[in-house]
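In our numbering, the protein residues as written are 6 to 267. Glycine included, every Cβ here is placed at the ideal spot set by N, Cα and C. Note that this is a predicted model, so its numbers are computed, not measured.
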Amino acid sequence: MTSTVTPWTGMIPVDDTALACTDTGGTGIPVVYLNGQFATQGYWKRVIAGLGPGWRHITYDERARGRKSKTSADYSFEAGIRDIDAVLAARGVDRALIVGWSYGAFLGAHWAGRNPDRAIGAVLVDGAMPHDWLDDAMEERIRKMFKRMAWFMPLLRPTGLVPRLSAEQQATSNIELGRISREGELGPVMDGITVPTRYVLASGTSLGSKGDEQEVIRASLDKVVARNPHIRISAKVPSNHSMILRKDHAAVAAAIREVAAV
Numbered sequence: 006m007t008s009t010v011t012p013w014t015g016m017i018p019v020d021d022t023a024l025a026c027t028d029t030g031g032t033g034i035p036v037v038y039l040n041g042q043f044a045t046q047g048y049w050k051r052v053i054a055g056l057g058p059g060w061r062h063i064t065y066d067e068r069a070r071g072r073k074s075k076t077s078a079d080y081s082f083e084a085g086i087r088d089i090d091a092v093l094a095a096r097g098v099d100r101a102l103i104v105g106w107s108y109g110a111f112l113g114a115h116w117a118g119r120n121p122d123r124a125i126g127a128v129l130v131d132g133a134m135p136h137d138w139l140d141d142a143m144e145e146r147i148r149k150m151f152k153r154m155a156w157f158m159p160l161l162r163p164t165g166l167v168p169r170l171s172a173e174q175q176a177t178s179n180i181e182l183g184r185i186s187r188e189g190e191l192g193p194v195m196d197g198i199t200v201p202t203r204y205v206l207a208s209g210t211s212l213g214s215k216g217d218e219q220e221v222i223r224a225s226l227d228k229v230v231a232r233n234p235h236i237r238i239s240a241k242v243p244s245n246h247s248m249i250l251r252k253d254h255a256a257v258a259a260a261i262r263e264v265a266a267v
């Protein structure tokens with residue numbers, strides 16, 4: 006982490022695809038940002054600006070996300086974990102601070118738990134909360150929601166704002182996340198984390214949620230924090246799940262500094 010790395014933008018091959026990546030370089034602590042399920046690296050620009058040039062910021066677009074990352078035959082959660090390793094290897098990073106929002110928080114929690122010698126720490130933004138929210142009715146709701154959205158997705162794909170996945174592929178990914186979220190699945194992952202980990206939580210609803218569903222899920226963290234002294238809630242902010250990186254980026258940046266200080 007003491008050698009100087011020049012800024013770089015390019016494609017990183019992994020499996021049957023390639024990922025668009027940006028590395029600001031420098032001599033600071035490497036921070037790897039993990040996007041929301043169908044989001045892009047551009048979502049992090051305010052957090053990165055808030056932290057400033059004293060850090061080495063590494064962002065990338067997941068498979069079939071953004072304008073440049075290529076499509077794949079595998080959009081599974083485990084493929085997402087492999088992509089983290091591929092990006093780190095390609096950029097010559099041995100140890101990094103992992104920051105993930107939404108789906109990226111799940112990836113970050115799993116990666117930090119599996120790689121305690123490589124994770125400096127983790128910041129999890131309104132994601133990776135163990136709760137059994139997926140049942141048959143919710144699965145049907147998810148499939149209907151993505152089916153309804155399917156008609157306008159092709160119109161937005163050239164902008165990079167929506168993924169190049171079919172409605173069925175998006176629904177399948179979301180349902181897989183529901184299974185990964187279950188207390189029996191995610192609880193042991195969180196209990197096993199041994200590096201400094203901080204949560205930044207949003208308020209209110211997220212896409213597809215109703216009523217107080219999201220707040221009930223967030224409340225599950227009380228048990229996680231009580232069981233694992235390495236994990237704390239850094240902040241709960243006013244903005245909702247979708248707007249947290251835009252409106253409360255300062256809280257995310259503060260959590261990153263907090264983890265680095267530990």
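- As the crow flies, the alpha-carbon of residue 112 is around 12 Å from that of residue 120.
- For residue 171, the number of other beta carbons within 10 angstroms of its own is below 16, and it is reported as exposed.
- A check of alpha carbon separations from residue 116 across 19, 202 and 75 identifies 202 as the nearest.
- Counting the other CB atoms within 10 Å of its CB gives residue 81 a total below 16, which places it among the exposed residues.
- Segment contact: the segment 18 to 37 against the segment 55 to 66, three or more CB-CB distances shorter than 8 Å; contact assigned.
- Counting the other Cβ atoms within 10 Å of the Cβ of residue 13 gives fewer than 16, which makes it exposed.
- In the three-state scheme derived from DSSP, where H, G and I count as helix and E and B as strand, residue 90 is classed as helix.
- Distance from residue 192 to residue 135 at the Cβ level is roughly 4 Å; contact confirmed, criterion being Cβ atoms closer than 8 Å.
- Residue 106 and residue 206 do not touch by the CB rule: their CB atoms are close to 11 Å apart, not below 8 Å.
- Note that the C-beta distance between residue 30 and residue 70 is not below 8 Å.
- Residue 96 places its beta carbon less than 8 Å from that of residue 63.
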